[in-house]
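Here the protein sequences come in this chain order: S and Y.
Heads up: the first sequence at position 37 corresponds to 37 in the UniProt record's numbering, and the numbers run straight through without jumps.
Heads up: the second sequence at position 27 corresponds to 27 in the UniProt record's numbering, and the numbers run straight through without jumps.
In this text, a Cβ means the ideal position worked out from N, Cα and C, and glycines have one as well.
Remember, it's a predicted structure, so these values are computed and weren't measured experimentally.
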Amino acid sequence: MAARPPPARPHIGLNPSPRFSSYSTSEWVDDDAWDSGSDSESPTKTSWKQPTSKHASSSSPKPVPKSGQNNSSSSTLASSYTHLHAPSPSSYPPRPEQPQPVNKNGWTIVSKSTDRLRGADHDESAHTGDGAAGAEGDGSDLILGDLDPEVAEQPAPAPSKPRQDQGSLRDDVDEIVNDPLHLIRRRPPKRNHSLPSSSEPGGQLARERSIKSNRRQKFVGCIMQEDVNMAQLRKLAWNGVPSDLRPVTWPLLLGYMPLPAPLRASTLARKRQEYLSLVELAFARNREGLDQQIWHQIEIDVPRTRPGVKLWMQASTQRSLERILYVWAIRHPASGYVQGINDLATPFFQVFLSAYIDSDPEEFDPTLLPSHVLNAIEADSFWCLSRLLDGIQDNYIATQPGIQRSVKRMTELVARIDPPLAAHLESENVEFMQFAFRWMNCLLMREISVENTIRMWDTYLAEGADAFSQFHLYVCSAFLVQWSKKLREMDFQGIIMFLQSLPTQGWTDHEIEMLLSEAFVHYSTWHNAQSHFGK
Amino acid sequence: MSEGTNFDYLFKVVLIGDSGVGKSNLLSRFTRNEFNLESKSTIGVEFATRSLNVDGKNIKAQIWDTAGQERYRAITSAYYRGAVGALLVYDISKHATYVNVTRWLKELRDHADSNIVIMLVGNKSDLKHLRAVPTDEAKAFAAENELSFIETSALDASNVEGAFQTILTDIYRIVSARSLEQSADHVKPSAGDSITVQPSIDTSAAGQKTGCC
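(1) Under 8 Å by Cβ, that's how I've got Val89 of chain Y and Val133 of chain Y pegged, so tell me the actual separation to the nearest angstrom.
(2) My understanding is that Leu311 of chain S touches Phe364 of chain S, with C-beta atoms under 8 Å, so please give their C-beta distance in whole angstroms.
(3) Taking Asp136 of chain Y as the reference, which of Y:Ile150, Y:Leu105, Y:Asp126 and Y:Ser158 has the closest Cα?
(4) Among the candidates S:Ser243, S:Leu245, S:Leu253 and S:Arg215, whose CA atom is the shortest distance from the CA of Glu463 of chain S?
(5) List the whole-angstrom C-beta distance separating Val117 of chain Y from Ile174 of chain Y, where the pair is believed to meet the contact cut-off of C-beta under 8 Å.
(6) In chain S, which residues lie less than 8 Å from Glu38 of chain Y when you measure between Cβ atoms?
(7) Mapping the DSSP letters down to three states, classify Asp18 of chain Y as helix, strand or coil.
(8) For residue 217 of chain Y, which residues from the same chain have a beta carbon less than 8 Å from its beta carbon, with the 5 sequence-adjacent residues on both sides left out?
(9) Buried or exposed: which applies to Thr411 of chain S, given that a residue is buried once 16 or more other Cβ atoms fall within 10 Å of its Cβ?
(10) Does the Cβ-Cβ distance between Leu87 of chain Y and Leu10 of chain Y come in under 8 Å?
(11) Locate the alpha helix (DSSP H) running through Met257 of chain S, then write down its first and last residues.
(12) Just checking Val430 of chain S against the ligand GDP - is the residue's beta carbon closer than 7 Å to any of the ligand's heavy atoms?
(13) Hey, which unbroken runs of the alpha helix (DSSP H) at 4 residues or more fall wholly within the segment 458 to 490 of chain S?
(14) Just the Cα atoms here: how many angstroms apart are Leu515 of chain S and Ala478 of chain S?
(15) Given this structure, state the Cα-to-Cα distance separating Leu27 of chain Y from Gly20 of chain Y, to the nearest angstrom.
(16) Is it right to say Ala529 of chain S is buried, meaning 16 or more other beta carbons lie within 10 angstroms of its own, or is it exposed?
(17) In or out: Ser180 of chain S buried (at least 16 other Cβ within 10 Å) or exposed?
(18) As a quick exercise: from Y:Tyr172, Y:Ser51, Y:Ala177 and Y:Ser179, pick the residue whose alpha carbon is nearest that of Gly85 of chain Y.
(19) Return no unless some Cβ of chain Y is closer than 8 Å to the Cβ of Val338 of chain S.
(20) Taking the straight line between their C-alpha atoms, what separation do you get for Leu321 of chain S and Ala96 of chain Y?
(21) Given this structure, state the Cα-to-Cα distance separating residue 540 of chain S from Asn441 of chain S, to the nearest angstrom.
(22) Counting pairs of beta carbons, one from the segment 61 to 77 of chain Y and one from the segment 399 to 410 of chain S, are three or more of them closer than 8 Å?
(23) Do Leu245 of chain S and Ile211 of chain S count as a contact pair if the criterion is CB distance below 8 Å?
(24) Check the Cβ-Cβ distances between Thr166 of chain Y and every residue of chain S, and say whether any is below 8 Å.
(25) Closer than 7 Å, Cβ to Cβ, to anything on chain S: give me those residues from the segment 73 to 85 of chain Y, in chain order.
(26) If I measure Cβ to Cβ from Ile357 of chain S and keep anything under 7 Å in the same chain, skipping five residues before and after, which residues do I get?
(27) Tell me whether Asp91 of chain Y sits in a helix, a strand or coil according to DSSP, three-state version.
(28) Can you name, in chain order, every residue of its own chain whose Cβ lies under 6 Å from the Cβ of Arg191 of chain S, other than the five neighbours on each side?
(29) Along the segment 436 to 454 of chain S, what residues have a CB closer than 7 Å to any CB found in chain Y?
(30) Please return the same chain residues whose Cβ sits closer than 7 Å to the Cβ of Asp156 of chain Y, not counting the five positions on each side in sequence.
(31) In the DSSP assignment, what residue or residues form a beta bridge with Trp64 of chain Y?
(32) Taking the Cβ atom as the reference point for each residue, do Lys60 of chain Y and Thr49 of chain Y lie within a distance shorter than 8 Å?
(33) With DSSP collapsed to three states, give me the class of Lys57 of chain Y.
(34) Pick out whichever of S:Ser359, S:Ala237, S:Pro333 and S:Cys384 has its Cα sitting closest to the Cα of Met257 of chain S.
(35) Just curious, the beta strand (DSSP E) that Val117 of chain Y is in, first and last residue?
(36) At 9 Å on the CB atoms, spell out the chain Y contacts of Met456 of chain S, in chain order.
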């Protein structure tokens, strides 16, 4: 490879949004330098790799033998996270002359409001010393005299631990890495955590809150057992997992984290180390040693995974995602990487990231994470994604028989639960494959938000290993049938267009829970009545 | 818009080509005049329509945008059936996507109607400084293979309208010539009627079956 190929979608990568520009420029430049340093053509820059090299040598598998002229440390690429030399649009320096689409205005506004927030922080810290709520124009010299040293120090740490724009790392990340349950022991339930601050009458709000905290108590009780009772955990999780308990609950439900408490720390440590080794092995022979077809597709898709979401536009997150997808793909040669699997990795990454930070994962800059924390998040995401995919692998092998089967069964099922709709679709020549293929391939992630998906997966994971192939079918059917009235008034074109961009943008947990309940009813009615299906 | 049933001809067209060459953005530029910097990969197939005027006739294009990844070929090739036109897209800044054009042509030969009108489209012409496929080379290739050819940019909108206008005009001319030839044939629109290219895979598949059995 003489030169790095142009980015897959240069239009995207070369256009940093104003929202990012406050810090991303320098970061991209760093990343680029980092990248070129790891190219095998420039063997001079090796000294900085020594620490990681030492680290990597402790991992078990032997690196694949390399030709002598290779960079001596190339085998350690795997464990040092920032310098896989995969070119990616986001690692290219920004180019200002690209035409900007009109909708970029929105981003500017965001960045402004951030500034305003930061400004407000400053004002507040100034006022705490003063007591008087002065206007912006207050002479700082006036206030200065009244500040105690403690307050005066406040503005200094603020930039080093940014809150509004980059998110904040918890100070006990090390404890959480070693013991995920530390999360629960330390953090008292956040008040109002996920409650909608709506205009509902106070009484109902209070009741909801008490139900929630009651549920949370039960959850905590269940998870804190020395040997978690899986049946009980599933039962609780079916109705949704409190968001701060998800990073613990999901791995338990997936069987990634052992149920008996004493085994957890060592298992996690081993699995994370194992992942490191897999990465190391997979990337041991530089770019040329990669499976080009798989890598090429991953390279194209990673920059357009959750486009526009800050977390996923970060070079660091993108490198993590590349490694997760690539390692999974080469370990599953029958399917390899298939578009859409990238989407499925994102809920895991966000959920596990949320354990270590006190802010919105989607707004977080993962370069703030210590490398062992990022490794833990990445490894946990990899293993959990692997477990999920284990249940739906035939969705992604040649000719995608799993999807074909699911769509066929969904067609039959809808004919049972909503004959008029089925008849209408048929009379309009609408084939289920035309819209439901994507519903199966991406598990509805293109139809609903990631927040919705995460809530949905609470139930799927509680349902058990085959939920992503079986229960999902009922969810898809319920999902379709709920638009029945509308669809029955549309013609072919209207139906396809409508199903391609469903009005689910405003969906909250409530709509998802209704959907899951509907699906459960259908599941209970039909799942054990297989003879009603074609086969 | 009043696109509903008010058309003289309905043509089914497919958009094919390697992953990441800009098929979806070509389609959204043509049908909605939108270009999305933050578009996701297409999974399976997506659909859009737009009506155009050709020789005084209202032509409705029903366009199926397909996923580029090889693994989806089984799904997407089903949509070739019944298509009267194909836009075969490559990225002028990525030579490999141009090399693969040959493979895509084979796909069409294997799965599509032999009379399908094919247009070779070199997209991302705005990336002049990254050009990896010379215009002349692609033009010569297109001529050899009897394809029409155009370079477009979905980003700056250049030639997008032209590309679709050209292929739909070509299709229209062929179809109307054919219907003149075989005036008794069912494809000739009787007064007020229209030729509809069935969107349904099922229907066209059934049609094929009766053809060969």
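Checking against the coordinates, here is how it stands:
(1) In the second sequence, counting from the first residue as 1, residue 89 of chain Y sits at position 89. In the second sequence, counting from the first residue as 1, residue 133 of chain Y sits at position 133. Actually they are not in contact, since the Cβ atoms of Val89 of chain Y and Val133 of chain Y sit about 12 Å apart, beyond 8 Å.
(2) Here residue 311 of chain S refers to the residue found at position 311 of the first sequence. Here residue 364 of chain S refers to the residue found at position 364 of the first sequence. Their Cβ separation, rounded to whole angstroms, is 5 Å, which keeps Leu311 of chain S and Phe364 of chain S in contact under 8 Å.
(3) In the second sequence, the residue the question calls residue 136 of chain Y occupies position 136. Considering only alpha carbons, the answer is Y:Ile150.
(4) Here the question's residue 463 of chain S lines up with position 463 in the first sequence. The candidate whose alpha carbon is nearest that of Glu463 of chain S is S:Leu253.
(5) Working through the second sequence from its first residue, we reach residue 117 of chain Y at position 117. Working through the second sequence from its first residue, we reach residue 174 of chain Y at position 174. So it is a contact: roughly 7 Å between Cβ atoms.
(6) Here residue 38 of chain Y is taken as the residue at index 38 of the second sequence, counted from 1. Simply Ile12, Arg304, Pro307 and Gly308.
(7) Reading the second sequence from its first residue, position 18 is the one you call residue 18 of chain Y. Here Asp18 of chain Y sits in coil by DSSP.
(8) There is simply no residue 217 of chain Y to check, as chain Y begins at 1 and stops at 213 in what is shown.
(9) Stepping through the first sequence from its first residue, residue 411 of chain S is reached at position 411. A residue is called buried when at least 16 other Cβ atoms come within 10 angstroms of its Cβ; Thr411 of chain S meets this threshold and is buried.
(10) Indexing the second sequence from 1 puts residue 87 of chain Y at position 87. Indexing the second sequence from 1 puts residue 10 of chain Y at position 10. No, these two residues do not count as a Cβ contact at 8 Å.
(11) As a working mapping, residue 257 of chain S is identified with position 257 in the first sequence. That residue, Met257 of chain S, is in no alpha helix (DSSP H); it is neither H nor E in DSSP.
(12) As presented, the structure is devoid of all ligands, the ligand GDP included, so that no description of it is given.
(13) 471 to 481 and 484 to 487
(14) Stepping through the first sequence from its first residue, residue 515 of chain S is reached at position 515. Stepping through the first sequence from its first residue, residue 478 of chain S is reached at position 478. Separation of Leu515 of chain S and Ala478 of chain S (C-alpha to C-alpha, rounded to the nearest whole angstrom) is 6 Å.
(15) Within the second sequence, the letter at position 27 stands for residue 27 of chain Y. Within the second sequence, the letter at position 20 stands for residue 20 of chain Y. The alpha-carbon atoms of Leu27 of chain Y and Gly20 of chain Y are separated by roughly 13 Å.
(16) What you label residue 529 of chain S is simply residue 529 of the first sequence in a count that begins at 1. By the 10 Å Cβ count, Ala529 of chain S comes out exposed.
(17) Reading the first sequence from its first residue, position 180 is the one you call residue 180 of chain S. The question names Ser, but residue 180 of chain S in the sequence shown is Pro. It is buried - the Cβ of Pro180 of chain S has at least 16 other Cβ atoms within 10 Å.
(18) In the second sequence, counting from the first residue as 1, residue 85 of chain Y sits at position 85. Nearest of Y:Tyr172, Y:Ser51, Y:Ala177 and Y:Ser179 to Gly85 of chain Y, Cα basis: Y:Tyr172.
(19) Counted from its first residue, the first sequence places residue 338 of chain S at position 338. So yes, Val338 of chain S belongs to the interface.
(20) Start at 1 with the first residue of the first sequence, and residue 321 of chain S comes out as number 321. Start at 1 with the first residue of the second sequence, and residue 96 of chain Y comes out as number 96. Their Cα atoms are separated by approximately 24 Å.
(21) Absent from the model: residue 540 of chain S. The displayed extent of chain S is 1 to 535, so no value can be given.
(22) yes
(23) Within the first sequence, residue 211 of chain S is the residue found at index 211, counting from 1. Within the first sequence, residue 245 of chain S is the residue found at index 245, counting from 1. No, the pair does not count as a contact, with Cβ atoms beyond the cut-off.
(24) Sequence index remark: in the second sequence, residue 166 of chain Y carries index 166 (1-based). With 8 Å as the cut-off, Thr166 of chain Y does not count as an interface residue toward chain S.
(25) Taking a C-beta cut-off of 7 Å against chain S, the contacting residues of the segment 73 to 85 of chain Y are Ala74 and Ile75, listed in chain order.
(26) Here the question's residue 357 of chain S lines up with position 357 in the first sequence. Closer than 7 Å at the Cβ level, and outside the excluded window around Ile357 of chain S, lie Gly167, Ser168, Leu169, Arg170 and Phe364.
(27) By one-based count along the second sequence, residue 91 of chain Y stands at place 91. Looking at Asp91 of chain Y - three-state DSSP - the assignment turns out to be strand.
(28) Residue mapping note: residue 191 of chain S aligns to position 191 of the first sequence, counting from 1. Low local confidence applies: a pLDDT of 47 at Arg191 of chain S is under 50, so the model's placement there is unreliable, with the coordinate-based value given in what follows. For Arg191 of chain S, where only same-chain residues beyond five positions count, there are no Cβ hits under 6 Å.
(29) Phe437, Arg438, Asn441, Cys442 and Arg446
(30) Reading the second sequence from its first residue, position 156 is the one you call residue 156 of chain Y. The residues are Asp126.
(31) To locate residue 64 of chain Y, count along the second sequence from 1; it is residue 64. Answer is Y:Val14 and Y:Phe47, bridged to Trp64 of chain Y.
(32) Within the second sequence, residue 60 of chain Y is the residue found at index 60, counting from 1. Within the second sequence, residue 49 of chain Y is the residue found at index 49, counting from 1. Result yes, Cβ atoms of Lys60 of chain Y and Thr49 of chain Y sit closer than 8 Å.
(33) Here the question's residue 57 of chain Y lines up with position 57 in the second sequence. Of the three classes helix, strand and coil, the one that applies to Lys57 of chain Y here is strand, per DSSP.
(34) Position 257 of the first sequence, counting from 1, holds the residue named residue 257 of chain S. Ranking S:Ser359, S:Ala237, S:Pro333 and S:Cys384 by Cα distance to Met257 of chain S puts S:Cys384 first.
(35) For the purposes of this step, residue 117 of chain Y is identified with residue 117 of the second sequence, where counting begins at 1. Start and end: Val117 to Asn123.
(36) As a working note, residue 456 of chain S is residue 456 in the first sequence. Near Met456 of chain S there are no residues of chain Y at all, since even the closest Cβ is about 18 Å away, more than 9 Å.
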